[in-house]
Amino acid sequence: MSLSQLHKLCEVARSGNFIEIEKFFNASAQLKQMHIRIDLSDVKQPQVCIDEVQEVHKGGIGTEAVNGAVIALLVDLAIGLLGIRHYAEGMTATSNLNINYVKPLMATKVVVRAEETEVIGKRIFGIARVMNEKGEVCAYATGSLASGIVVG
209 MSLSQLHKLC EVARSGNFIE IEKFFNASAQ LKQMHIRIDL SDVKQPQVCI
259 DEVQEVHKGG IGTEAVNGAV IALLVDLAIG LLGIRHYAEG MTATSNLNIN
309 YVKPLMATKV VVRAEETEVI GKRIFGIARV MNEKGEVCAY ATGSLASGIV
359 VG
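With positions in the sequence shown counted from 1, the corresponding number in our numbering is that position plus 208.
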């Protein structure tokens, strides 16, 4: 992402046009390549979704479960999306991520829902729950974002 794109994204977030931000993310090469989309219809609980689990999502030795690295990507993105509401103070970046794998994520669909739990100074804290299509929590993560980062 170029610096001008980053500044535009900040301005859009400040205006509260979260649907435009959702479109921007969903059009990105990274999310398209991994068959991932975000949902900002409730910006207080952003979601990261895999609508159809594919081979690229699976991992381990001969397993059909979603790979732990894919889960890490999903929760990092979900917790990172909590920062969008704070862009008026500057950009945000993940500063800590702690993932707990509860059980193998055997799924045809994955939904990760994040929720802000606390803001202390320039740190935003949150939790993300990784669920299969039945709504069962298979992993969860807690994390924090540094906020107020000024970019060139």
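The beta-carbon is built from N, C-alpha and C at its ideal position, and this holds for glycine as well.
Owing to the predicted nature of the structure, the values given are computational and were not obtained by experimental measurement.
Check the C-beta distance from residue i over to residue j and give it rounded, since I have them as a contact under 8 angstroms.
| i | j | result |
| --- | --- | --- |
| Leu313 | Ala273 | 5 angstroms |
Please find out if some non-hydrogen atom of the ligand NAD comes closer than 7 angstroms to the beta-carbon of residue i.
| i | result |
| --- | --- |
| Ala280 | Ligands are entirely absent from the displayed structure, and the ligand NAD is therefore not among its contents. |
Just grab the DSSP bridge partners of residue i for me.
| i | result |
| --- | --- |
| Thr350 | Asn306, Ile335 |
| Glu326 | Phe333 |
| Val319 | Cys257, Met339 |
| Met299 | Ile357 |
| Ile246 | Val256 |
| Val345 | Met339 |
Buried or exposed for residue i, going by 16 or more other Cβ atoms inside 10 Å?
| i | result |
| --- | --- |
| Glu341 | exposed |
| His215 | exposed |
| Val319 | buried |
| Ser355 | buried |
| Gly291 | buried |
| Gly329 | exposed |
| Ser249 | exposed |
| Ile229 | buried |
| Val256 | buried |
Tell whether a beta-carbon distance below 8 angstroms holds between residue i and residue j.
| i | j | result |
| --- | --- | --- |
| Ile191 | Ala347 | In the structure as shown, the chain starts at 209 and stops at 360, and residue 191 therefore has no counterpart that could be examined. |
| Val264 | Val338 | no |
| Ala301 | Leu353 | yes |
| Glu344 | Ile332 | no |
| Val251 | Arg293 | yes |
| Ala349 | Asn306 | yes |
Ignoring anything shorter than 3 residues or poking outside the segment 255 to 289, list the beta strand (DSSP E) runs there in chain order. 255 to 258
Alpha helix (DSSP H) runs contained entirely in the segment 216 to 243, provided each spans 4 or more residues: 226 to 234, 237 to 241
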